[in-house]
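When we follow the working numbering, the leftmost residue of the sequence shown carries the number 811, and every step to the right adds one. Glycine residues also receive a C-beta, built at the ideal position from the N, C-alpha and C atoms. First comes the structure, then the notes that go with it.
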Amino acid sequence: MPVSEHLARRFLHVNLNCESLSITERLYAQQLGLSARMRTDPAVATDGSILGLDGETYCATSFLYDDRGGRASCALEVIEYSSPPLEPDPSSDPTRPASGRR
């Protein structure tokens, strides 16, 4: 089957929820050479509705990129939630639909 010109060829942004922003930044820096190029202020509330959450959320977010930077490479968006707290997802099915911050 020929490859369609309409298929996606790459991703631009991936979200990763974590327990510790600093540990996750270190891991991806050491293993993949990514570095933090942008961070959010964890003291500023954000609207959780875009993620299917009710009310305000508080989180520290870091955008990690390779050496090419934000305009030329994909982003790994790492989020450490403080409110509401992160909830574990017991499912190991990689094709499950996303629901909130699981």
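Member of the options whose CA lies at the smallest distance from the CA of residue i
{"i": "ARG847", "options": "GLN840, ARG878, SER830", "result": "ARG878"}
{"i": "GLN841", "options": "ARG849, ASP876, HIS823", "result": "ASP876"}
{"i": "LEU844", "options": "THR871, ALA855, LEU886", "result": "LEU886"}
Cβ neighbour criterion (16 or more within 10 Å) applied to residue i
{"i": "ALA882", "result": "exposed"}
{"i": "LEU826", "result": "exposed"}
Neighbourhood of residue i by C-beta distance below 8 Å, restricted to the same chain and skipping five residues each side
{"i": "PHE821", "result": "CYS884"}
Residue i (DSSP reduced to helix, strand or coil)
{"i": "ARG906", "result": "coil"}
{"i": "ALA839", "result": "helix"}
{"i": "LEU826", "result": "strand"}
{"i": "LEU861", "result": "helix"}
{"i": "SER893", "result": "strand"}
Other residues of its chain near residue i: CB distance less than 6 Å, five sequence neighbours each side excluded
{"i": "CYS828", "result": "THR834, VAL888, GLU890"}
Range of the contiguous beta strand (DSSP E) that encloses residue i
{"i": "THR850", "result": "Careful: THR850 lies outside any beta strand (DSSP E) and carries neither H nor E."}
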